[in-house]
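Numbering (my numbering), first residue to last: 45 to 223.
For glycine and all other residues, C-beta sits at the position ideal for the given N, C-alpha and C.
Remember, predicted model here, so these are calculated numbers, not experimental data.
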């Protein structure tokens, strides 16, 4: 099943969100289609720098199981490719944080939206692209989800490049939680 089909009321149709101009190019969230995107996302998940935090290294079936759980769920999480200037270069999970187990660890508000980010290629890491994309995605969420007043994230505190990207992208540290 495709994310476009499931992406309805809970996340205000991520598939219909317009591309966003950024300082590094035109960015768009494109809901994942397993038959098209699984090999690329699996390759990214098997990068040692990614595997240490996403814990999805292994065969395509491991990545497929993780993504399929979202695609076959109730629409509270939409897996997306981040496409920059027509090139897939990142993986995002846009999710309803207020409906997620994360909500037990912070004062959740209705319609809080969460972001998970993986910058795919090594050449796209460490040069500020992640923080630019995080800012763009947060803006997209707030622009297209009128009931959402806050975008949240919970990067692994040990992943200092990711934490730095979120902070530089406009997020602020609120608390450290053990998930």
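Leaving aside the five residues that flank residue 61 on each side, the residues in its chain whose CB is nearer than 7 Å to its CB run, in chain order, 73, 184 and 188. By the CB criterion at 8 Å, residue 148 and residue 193 fall outside the cutoff. Under the criterion of beta carbons closer than 8 Å, residue 71 and residue 177 qualify as touching, at roughly 6 Å.
Our two residues, residue 96 and residue 191, have alpha carbons roughly 35 Å apart in a direct line. If you ignore the 5 residues before and after residue 162, its C-beta comes within less than 7 Å of the C-beta of 88, 94, 98, 134 and 135, all in its own chain and listed in chain order. Taking C-beta atoms as the reference points, residue 125 and residue 69 fail to come closer than 8 Å. Rounded to whole angstroms, the separation of the alpha carbons of residue 105 and residue 156 is 31 Å.
Residue 134 has 126 and 163 as its beta-bridge partners, per DSSP. Partner residues in the beta bridge of residue 72, as assigned by DSSP, are 127.
In the DSSP assignment, residue 83 falls within the unbroken alpha helix (DSSP H) covering 78-89.
In this structure residue 221 touches residue 198 by the C-beta definition: roughly 7 Å separates them, less than 8 Å. Where residue 64 is concerned, the enclosing beta strand (DSSP E) starts and stops at 64-66.
Going by DSSP, residue 193 is part of no alpha helix (DSSP H) at all; its letter is neither H nor E.
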